[in-house]
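Residue numbers (this note's numbering): 259 to 563. For each residue, glycine too, the CB sits at the ideal point set by N, CA and C. A short worksheet on the structure shown next.
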């Protein structure tokens, strides 16, 4: 119990934080993919947005992490278990990832959510296999919030083995609309021609649907634009007809470059922010605050002249 008690005493729960603000270059939300759903939108006790947040511990050994998780399980307290997963679940070790993956079927939704998040940012090579095995786990894929985080976890690891899951049942309406949005964004991380084909297929179906409805903006317009730009190096805006014309001319010889291209400023800021770790987001938030404080100071001096 010593290791367990030490970890939780040092990393005491703190209040949930708001999503990260845009970087100074982001002038509006246009072109910026939505942040991953770290926080719920309501206060229902059944939602996995309740519970403390603990600063992730990256320096503990695998043995210490496993011991902390085992001790938390023995306590039979879901909140304590979720906090422990958040604290040590990202320790890059095969044994730790296996233990955390076991919590993906836990009866408590907050525990499941923290397990998904831990695997999303855990850099051990074994993580992808554990995530892929959850494709039929209804407690994950049928929960709107946990399901989105699961899809973002697949995108985070950018492994082409996730393509069948990310391209399956792409649709622009229905109860899984938010899941599709996450898939569109995550496909931008899978640098394969199949990703472009899937996005173009969704764009085509969206365009036909809009015609039947009498026009209007294409669903997921900005998300599709961003992911297609990341994959192709082209930026044709949100016009499905222009993208379709380009694809008809290019698809036979098209190959996805290994490296991501440089995107337009606002788009680049949103894309980068989407895939930062929680610690990187916190650091970016502090840099933004410092930059804005500096701009405010300059503005005040100017006003006094």
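Restricting to Cα atoms, I'd like to know which of 346, 355, 438 and 514 is closest to residue 405. When C-alpha distances from residue 405 are compared across 346, 355, 438 and 514, the shortest belongs to 438.
Beta-carbon contacts of residue 411 that lie in its chain and below 7 Å, excluding the five residues immediately before and after: Hits under 7 Å: 374, 377, 378 and 389.
Pick helix, strand or coil for residue 448, following the three-state DSSP scheme. Of the three classes helix, strand and coil, the one that applies to residue 448 here is coil, per DSSP.
Just reading off the alpha helix (DSSP H) that residue 533 is part of, what are its end residues? For residue 533, no alpha helix (DSSP H) encloses it, and the DSSP letter there is neither H nor E.
With 16 as the cutoff for other CB atoms within 10 Å, does residue 499 come out buried or exposed? Note on residue 499: under 16 other CB atoms within 10 angstroms of its CB, so exposed under the neighbour-count rule.
Just verifying my parser: in three-state terms, what is the DSSP assignment at residue 407? In the structure shown, residue 407 adopts helical secondary structure according to DSSP, grouped into three states.
Any idea if residue 506 is buried or exposed, counting beta-carbon neighbours within 10 angstroms, 16 or more meaning buried? With fewer than 16 Cβ atoms within 10 Å of its Cβ, residue 506 is classed as exposed.
Same chain only: Cβ atoms within 8 Å of residue 516, ignoring 5 sequence neighbours per side: Cβ neighbours of residue 516 within its own chain (closer than 8 Å, five residues either side excluded): 449.
Kindly give me the distance between the Cβ atoms of residue 486 and residue 457, rounded to whole angstroms, as I take these residues to be in contact under 8 Å. The pair is a contact, with the Cβ atoms about 6 Å apart (cut-off 8 Å).
Would you kindly check if the distance between the Cβ of residue 452 and the Cβ of residue 421 is under 8 Å? Contact: yes.
From residue 407 to residue 503, what does the alpha carbon distance come to, in whole angstroms? Residue 407 and residue 503: Cα-Cα distance of roughly 33 Å.
Quick check: the stretch 508-525 against the stretch 539-554, are at least 3 beta-carbon pairs closer than 8 Å? Result no; under three Cβ-Cβ pairs closer than 8 Å.
Cβ-Cβ distance between residue 343 and residue 385 below 8 Å: No, the Cβ-Cβ distance between residue 343 and residue 385 is not below 8 Å.
If you draw a straight line from the alpha carbon of residue 299 to that of residue 403, how long is it in whole angstroms? With a pLDDT of only 42 at residue 299, under 50, the local geometry of the prediction cannot be trusted, and the value read off the model is given with reservation. In this structure, the straight-line span from the alpha carbon of residue 299 to that of residue 403 is close to 9 Å.
Where the alpha helix (DSSP H) through residue 336 begins and ends: Note, residue 336: alpha helix (DSSP H), 336-346.
For residue 395, name the three-state secondary structure that DSSP assigns. Three-state DSSP puts residue 395 in coil, outside helix and strand.
Is the beta carbon of residue 330 closer than 8 Å to that of residue 339? With contacts defined as CB atoms closer than 8 Å, residue 339 and residue 330 qualify as a contacting pair.
Applying the 10 Å Cβ sphere with the 16-neighbour rule, what's the burial state of residue 362? With 16 or more Cβ atoms within 10 Å of its Cβ, residue 362 is classed as buried.
Spatial neighbours of residue 324 within its chain, please: CB distance less than 7 Å, with the 5 preceding and 5 following residues excluded, ordered by chain position. For residue 324, where only same-chain residues beyond five positions count, the Cβ hits under 7 Å are 353, 354 and 357.
Which residue spans inside the stretch 475-509 form an unbroken beta strand (DSSP E) run of at least 3? For the stretch 475-509, not one full-length beta strand (DSSP E) segment reaches 3 residues or more.
Just to confirm the assignment, what range does the alpha helix (DSSP H) spanning residue 419 have? Run containing residue 419: none; DSSP gives neither H nor E here.
Between the Cα of residue 484 and the Cα atoms of 336, 463 and 496, which residue gives the shortest distance? Ranking the options by Cα distance to residue 484, first place goes to 496.
For the candidate residues 508, 423, 416 and 492, whose alpha-carbon lies nearest to that of residue 395? The shortest C-alpha separation from residue 395 is found at 423.
Within 8 Å, strictly: CB atoms of residue 479 and residue 447: With contacts defined by Cβ atoms closer than 8 Å, residue 479 and residue 447 do not form a contacting pair.
Using the Cα positions of residue 319 and residue 463, report the straight-line distance between them to the nearest angstrom. Distance between the alpha carbons of residue 319 and residue 463 is about 49 Å.
Rounded C-alpha distance that separates residue 401 from residue 409: So the two alpha carbons sit approximately 12 Å from each other.
What are the start and end residues of the alpha helix (DSSP H) that includes residue 320? 320-333 is the span of the alpha helix (DSSP H), which, as asked, contains residue 320.
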